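Report on the structure given below.
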Amino acid sequence: SAVISQKPSRDICQRGTSLTIQCQVDSQVTMMFWYRQQPGQSLTLIATANQGSEATYESGFVIDKFPISRPNLTFSTLTVSNMSPEDSSIYLCSVEGDNTGELFFGEGSRLTVL
Amino acid sequence: RKEVEQDPGPFNVPEGATVAFNCTYSNSASQSFFWYRQDCRKEPKLLMSVYSSGNEDGRFTAQLNRASQYISLLIRDSKLSDSATYLCVVNNGNQFYFGTGTSLTVIP
Numbered sequence: 001s002a003v004i005s006q007k008p009s010r011d012i013c014q015r016g017t018s019l020t021i022q023c024q025v026d027s028q029v030t031m032m033f034w035y036r037q038q039p040g041q042s043l044t045l046i047a048t049a050n051q052g053s054e055a056t057y058e059s060g061f062v063i064d065k066f067p068i069s070r071p072n073l074t075f076s077t078l079t080v081s082n083m084s085p086e087d088s089s090i091y092l093c094s095v096e097g098d099n100t101g102e103l104f105f106g107e108g109s110r111l112t113v114l
Numbered sequence: 115r116k117e118v119e120q121d122p123g124p125f126n127v128p129e130g131a132t133v134a135f136n137c138t139y140s141n142s143a144s145q146s147f148f149w150y151r152q153d154c155r156k157e158p159k160l161l162m163s164v165y166s167s168g169n170e171d172g173r174f175t176a177q178l179n180r181a182s183q184y185i186s187l188l189i190r191d192s193k194l195s196d197s198a199t200y201l202c203v204v205n206n207g208n209q210f211y212f213g214t215g216t217s218l219t220v221i222p
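Below, the structure is given as structure tokens:
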């Protein structure tokens with residue numbers, strides 16, 4: 001299994017500001033995933049963070065809005081830029097288990113934009 | 115069409131009841147299947163993987179029907195602690211897809 005630490009666990013931000021979420025994994029992983037879970041909704045993949053190359057973004061998500069860093073095999077950050085109330089959501093970092101194929105999640109970062 | 119579809123519920127059942135959830139997926143080439151549990155304000159956690167032969171873990175039984183492209187989860191002898199949202203998750207080899215979740219409340 002993988003242990004994933006995310007921070008901040010929650011934050012309240014003003015419209016127009018940016019917030020960077022950090023994700024630390026206790027083992028080296030090739031890919032790290034960033035998901036968004038809006039209130040009452042399921043998880044939507046924002047992007048896949050690859051070490052040594054640019055992140056791969058899903059349809060509807062762009063690098064300017066959600067820049068991602070992946071400086072090494074155990075760490076990644078997701079920035080939510082120029083926030084609006086529609087960005088209020090839980091943001092989850094995730095990695096895939098090597099042997100089981102399951103996804104492990106960080107505890108999530110609950111963001112509220114006023 | 116959504117990749118994964120679930121009945122959102124809510125399911126409100128008395129303690130001791132048996133409850134079943136179903137989930138359908140659209141991609142016949144999907145390779146792996148899971149049920150996750152998500153408690154309120156918490157991250158999803160794996161409940162069980164779903165194998166073609168079906169699998170059981172205590173009070174929980176998961177089944178996969180590839181021909182009809184659906185997955186089921188059966189919970190027997192429901193406990194209060196089973197109250198949560200149950201997410202159906204499918205991996206098509208490239209990406210994981212999540213259902214919207216089925217809400218279960220077990221009532222004393």
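Sequences listed follow chains A and B, in order.
Mapping to this note's numbering: the first sequence position 61 is 61, numbers consecutive.
Remember, this note's numbering sits 114 above the position in the second sequence when you count from 1.
For each residue, glycine too, the CB sits at the ideal point set by N, CA and C.
Quick caveat, the model's predicted, so the values are computed rather than measured.
- Query: By how many angstroms is the C-alpha of residue 106 of chain A removed from the C-alpha of residue 4 of chain A?
  - Reply: Residue mapping note: residue 4 of chain A aligns to position 4 of the first sequence, counting from 1. Residue mapping note: residue 106 of chain A aligns to position 106 of the first sequence, counting from 1. Each residue's alpha carbon lies about 5 Å from the other.
- Message: Can you confirm whether the stretch 28–38 of chain A touches the stretch 75–93 of chain A when touching is taken to mean that 3 or more C-beta pairs between the two stretches lie within less than 8 Å?
- Response: yes
- Cα separation between residue 110 of chain A and residue 163 of chain B? Along the first sequence, one-based indexing puts residue 110 of chain A at 110. Along the second sequence, one-based indexing puts residue 163 of chain B at 49. Going from the Cα of residue 110 of chain A to the Cα of residue 163 of chain B covers about 27 Å.
- Query: What residue from B:191, B:183 and B:182 has the CA that sits closest to residue 84 of chain B's CA?
  - Reply: With chain B covering only 115 through 222, there is no way to say anything about residue 84 of chain B.
- What residues match up with residue 170 of chain B in a beta bridge as DSSP calls it? Position 56 of the second sequence, counted from the first residue, corresponds to residue 170 of chain B. Residue 170 of chain B is bridged to B:175.
- Cβ shell of residue 123 of chain B (< 7 Å), same chain only, five flanking positions each side left out: The residue labelled residue 123 of chain B in the question sits at position 9 within the second sequence. Closer than 7 Å at the Cβ level, and outside the excluded window around residue 123 of chain B, lie 216, 217 and 218.
- Task: Mind reading off the beta-carbon distance from residue 77 of chain A to residue 68 of chain A? Whole number of angstroms is fine, and I expect it under 8 Å.
- Result: Here residue 77 of chain A refers to the residue found at position 77 of the first sequence. Here residue 68 of chain A refers to the residue found at position 68 of the first sequence. Right, their Cβ atoms sit about 7 Å apart.
- Is residue 85 of chain A helix, strand or coil when you go by DSSP? Stepping through the first sequence from its first residue, residue 85 of chain A is reached at position 85. If DSSP states are grouped into helix, strand and coil, residue 85 of chain A belongs with the helices.
- Given residue 87 of chain A as reference, the closest of A:8, A:6, A:103 and A:19 once Cα atoms are compared: Taking the first sequence and counting its residues from 1, the one referred to as residue 87 of chain A is at position 87. Residue A:19 holds the alpha-carbon nearest to the alpha-carbon of residue 87 of chain A among A:8, A:6, A:103 and A:19.
- Query: Is the beta carbon of residue 129 of chain B sitting closer than 8 Å to the one on residue 194 of chain B?
  - Reply: Residue mapping note: residue 129 of chain B aligns to position 15 of the second sequence, counting from 1. Residue mapping note: residue 194 of chain B aligns to position 80 of the second sequence, counting from 1. Cβ atoms of residue 129 of chain B and residue 194 of chain B: closer than 8 Å.
- Task: Compute the Euclidean distance between the alpha carbons of residue 179 of chain B and residue 13 of chain A, then round it to the nearest angstrom.
- Result: Here residue 179 of chain B corresponds to residue number 65 of the second sequence, with the count starting at 1. Here residue 13 of chain A corresponds to residue number 13 of the first sequence, with the count starting at 1. About 45 Å.
- Message: Using beta carbons (cut-off 8 Å, strictly below), is residue 61 of chain A in contact with chain B?
- Response: Position 61 of the first sequence holds residue 61 of chain A. Not closer than 8 Å to any Cβ of chain B, the Cβ of residue 61 of chain A fails to qualify, so no.
- Write down the C-beta distance between residue 102 of chain A and residue 148 of chain B rounded to the nearest angstrom, noting that I regard them as a contact closer than 8 Å. Residue mapping note: residue 102 of chain A aligns to position 102 of the first sequence, counting from 1. Residue mapping note: residue 148 of chain B aligns to position 34 of the second sequence, counting from 1. About 6 Å separates the two Cβ atoms, so the contact holds.
- Which residues of chain B have a Cβ atom closer than 7 Å to the Cβ of residue 42 of chain A, listed in chain order? Position 42 of the first sequence, counted from the first residue, corresponds to residue 42 of chain A. Those are 201, 212, 213, 214 and 215, listed as they occur along chain B.
- Item | residue 177 of chain B, buried or exposed, once every other Cβ within 10 Å from all chains shown has been counted against 16 | Translated into the one-based positions of the second sequence, residue 177 of chain B becomes position 63. Per the 10 Å Cβ criterion, buried.
- Task: Quick one: grab the DSSP three-state call for residue 1 of chain A.
- Result: Within the first sequence, residue 1 of chain A is the residue found at index 1, counting from 1. Residue state, collapsed to three classes: coil.
- Task: Compare the C-beta of residue 66 of chain A with all C-beta atoms of chain E and state if any pair is closer than 8 Å.
- Result: Checking the listed chains, one finds no chain E in this structure; the protein chains it contains are A and B.
- Element boundaries [beta strand (DSSP E), containing residue 122 of chain B]: Taking the first residue of the second sequence as 1, we reach residue 122 of chain B at position 8. Where residue 122 of chain B is concerned, there is no enclosing beta strand (DSSP E), given that its DSSP letter is neither H nor E.
- Item | Helix, strand or coil at residue 59 of chain A according to DSSP, with G and I counted as helix | Here residue 59 of chain A refers to the residue found at position 59 of the first sequence. Looking at residue 59 of chain A - three-state DSSP - the assignment turns out to be coil, as it is neither helix nor strand.
- Buried or exposed: where does residue 54 of chain A fall if 16 or more other Cβ atoms within 10 Å of its Cβ makes it buried? Along the first sequence, one-based indexing puts residue 54 of chain A at 54. Flag for residue 54 of chain A reads exposed.
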